[in-house]
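Student:
Protein chains: 2
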Amino acid sequence: MAIPHATPGQVIDICPLGSAISTSLTTTLIKTDRLEVIRLVLPAGKEIAPHKVTGEITVQCLEGRVAFTSLGKTRELQAGNLCYLSGGTEHAVKSLEDASVMLTILL
Amino acid sequence: MAIPHATPGQVIDICPLGSAISTSLTTTLIKTDRLEVIRLVLPAGKEIAPHKVTGEITVQCLEGRVAFTSLGKTRELQAGNLCYLSGGTEHAVKSLEDASVMLTILL
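These protein sequence lines map, in sequence, to chains S and B. Residue numbering for the first sequence follows this note's numbering, starting at 1 and increasing by one per position. Residue numbering for the second sequence follows this note's numbering, starting at 1001 and increasing by one per position.
1) What span of residues does the beta strand (DSSP E) with P1050(B) cover, start to end?
2) Contact criterion: CB-CB distance below 8 Å. Does L103(S) meet it with respect to chain B?
3) Using a Cβ-Cβ cutoff of less than 7 Å, which residues in the same chain neighbour G1071(B) once the five nearest sequence positions on both sides are dropped?
4) Output yes or no for whether 8 Å exceeds the beta carbon distance between L77(S) and C61(S).
5) Could you give the distance in angstroms between the alpha-carbon of I1014(B) and the alpha-carbon of L1029(B)?
6) Are the beta-carbon atoms belonging to P85(S) and E56(S) less than 8 Å from one another?
7) In terms of alpha-carbon separation, which member of T54(S), T74(S), L107(S) lies closest to A92(S)?
8) Short of 8 Å in beta carbon distance, which residues of its chain neighbour M1(S), apart from the five on each side in sequence? Order them along the chain.
9) Please tell me whether N1037(B) has its Cβ less than 8 Å away from any Cβ of chain S.
10) Which chain B residues are close to T89(S), counting only those with a beta carbon under 9 Å from its beta carbon?
11) At the level of alpha carbons, what is the spacing between R65(S) and G1087(B)?
12) Going by the DSSP bridge assignment, what does Q78(S) pair with across the sheet?
13) Do the CB positions of T1026(B) and L1040(B) come within less than 8 Å of each other?
14) When DSSP labels each residue in this structure, what does G1088(B) get in the three-state scheme?
15) By the criterion of Cβ-Cβ separation under 7 Å, what are the contact partners of G1018(B) in chain S?
16) Have a look at the DSSP bridge pairing and note the partners of L103(S).
17) So what's I1021(B) in DSSP terms, helix, strand or just coil?
18) Regarding I1105(B) and the ligand NAP, is the C-beta to nearest heavy atom distance less than 7 Å?
19) What residues of chain S sit near S1109(B), judged by a beta carbon separation below 9 Å?
20) Could one say the Cβ of T54(S) lies closer than 8 Å to chain B's Cβ atoms, at least one of them?
21) Can you find the residues in the same chain that come closer than 7 Å, C-beta to C-beta, to T1054(B), ignoring five residues on each side of it along the sequence?
22) Check the DSSP bridge columns for I30(S) and list the partner residues they point to.
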């Protein structure tokens, strides 16, 4: 059964998953007409091939480390790092160790 | 001099400020035509009176604890907690201890 998305005002847990990463799945935390928030679960070595979405995105690393490639550069993101991209910007992600990343997408 | 907003792809530090909260100011981290991301710095006891904004918001506690009131309920948010509100929903915030909170606003 799909996990229901959060309702307005509901408290959503985005604490690090720790060792539970290996048994956790990527989940959509929030989904509305204008906004989608996803927690990507990325075991070490997982790659998300270059792609783009229409709207602006923010990318926040919640735990672990990922290589985030966009605009001709690869930057390392770790817990406490945030970045954003304009809509239509191609980007790719590779986890350098077990990681989870929160993606906020403007639809 | 105002701190410039981040540019696309730039890595933004949202690690806890810790004891630097007392000397830190609220800052706008990202500002585009459609999106604004703000780090609110809230020393213990700070209150933000009930207000609303047009677009949807997400509220993520980065450190400390805050009481977040909306939709007739007061919920406590601490580090690792996220919630969202539909546009036009009145809300208020009071910090229960030194805290910082990241606010993402759809414009």
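Think of the CB as a built atom: it goes at the ideal place given N, C-alpha and C, for glycine as much as any other residue.
Tutor: Taking the definition as stated:
1) 1047–1051 is the span of the beta strand (DSSP E), which, as asked, contains P1050(B).
2) With respect to chain B, the C-beta atom of L103(S) has no partner C-beta closer than 8 Å.
3) Note on residue identity: the sequence assigns Leu, not Gly, to residue 1071(B). Counting only Cβ-Cβ distances below 7 Å, and skipping sequence neighbours, we find T1089.
4) Contact flag set, yes.
5) Within the model, the alpha-carbon separation for I1014(B) versus L1029(B) is close to 9 Å.
6) Residue identity differs from the one stated: residue 85(S) is Leu in this sequence, not Pro. In this structure, E56(S) lies closer than 8 Å to L85(S) by Cβ.
7) Ranked by Cα distance from A92(S), the options T54(S), T74(S), L107(S) are led by T74(S).
8) Legend: pLDDT at M1(S) = 49, less than 50; position of this residue unreliable, value from coordinates given subsequently. Taking C-beta separations shorter than 8 Å and ignoring five residues to either side along the sequence, M1(S) has no partners in its chain.
9) Residue identity differs from the one stated: residue 1037(B) is Val in this sequence, not Asn. V1037(B) counts as touching chain S.
10) For T89(S), the chain B residues whose Cβ falls inside 9 Å of its Cβ are P1008, G1009, in order along the chain.
11) A straight line joining the alpha-carbon of R65(S) with that of G1087(B) spans about 33 Å.
12) According to DSSP, which records beta bridges pairwise, Q78(S) is partnered with R65(S).
13) It is a contact, given that the beta carbons lie within the stated cut-off.
14) DSSP places G1088(B) in coil when its eight states are reduced to three.
15) In chain S, no part has a C-beta under 7 Å from the C-beta of G1018(B); the shortest such distance is about 12 Å.
16) I38(S), V59(S), per the DSSP bridge assignment.
17) Per DSSP, reduced to three states, the secondary structure at I1021(B) is helical.
18) By its list of ligands, the structure shown contains no ligand whatsoever, and the ligand NAP lies outside what it can speak to.
19) The structure shown has nothing for residue 1109(B), since chain B only spans 1001 to 1107.
20) Answer no: the Cβ-Cβ gap between T54(S) and chain B never drops below 8 Å.
21) Once the five neighbours on either side are set aside, the close Cβ partners of T1054(B) are G1087, G1088.
22) Per DSSP, V37(S).
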